[in-house]
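Position 78 of the sequence shown, counting from 1, maps to 88 under this note's numbering, and the rest follow consecutively. Here a beta-carbon is modelled for each residue, glycine too, at the ideal position from N, C-alpha and C.
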Amino acid sequence: MATIQIKTPYPEQAAPLVKDAIEMEKKMVRGSLATTNERITALTRELSVAVDQVLAGTVARTEANEMALLELEGELAIRRSLEEALRSLDSLELCS
11 MATIQIKTPY PEQAAPLVKD AIEMEKKMVR GSLATTNERI TALTRELSVA
61 VDQVLAGTVA RTEANEMALL ELEGELAIRR SLEEALRSLD SLELCS
């Protein structure tokens, strides 16, 4: 694990600010993840498909479902990105 240092003449003030910023970012990412998961659920219901089918590329594409499938694929990509960001944030440890 790598270490990042922040130089400040006021460490007792900076540490809580950094901790709060990390917690706020986690909260925003969790909120975005919840919204994305809701959207994925709605799209899979609308299309009557499972996420695994979409990821495997086994869903038949038609003119009628193409836009919704593209949107679902985009939401799945966003979810992967948000999950990665959350894992990264959860792994941060503020050392003093």
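According to the DSSP assignment, M77 belongs to the alpha helix (DSSP H) that extends over 76-100. Comparing C-alpha distances from A44 to each of L104, L96, C105 shows the shortest one belongs to L96. Within the segment 33-71, the complete alpha helix (DSSP H) runs of at least 4 residues fall at 61-66. With a cutoff of 9 Å on beta-carbon distance, L92 and T46 are scored as near each other.
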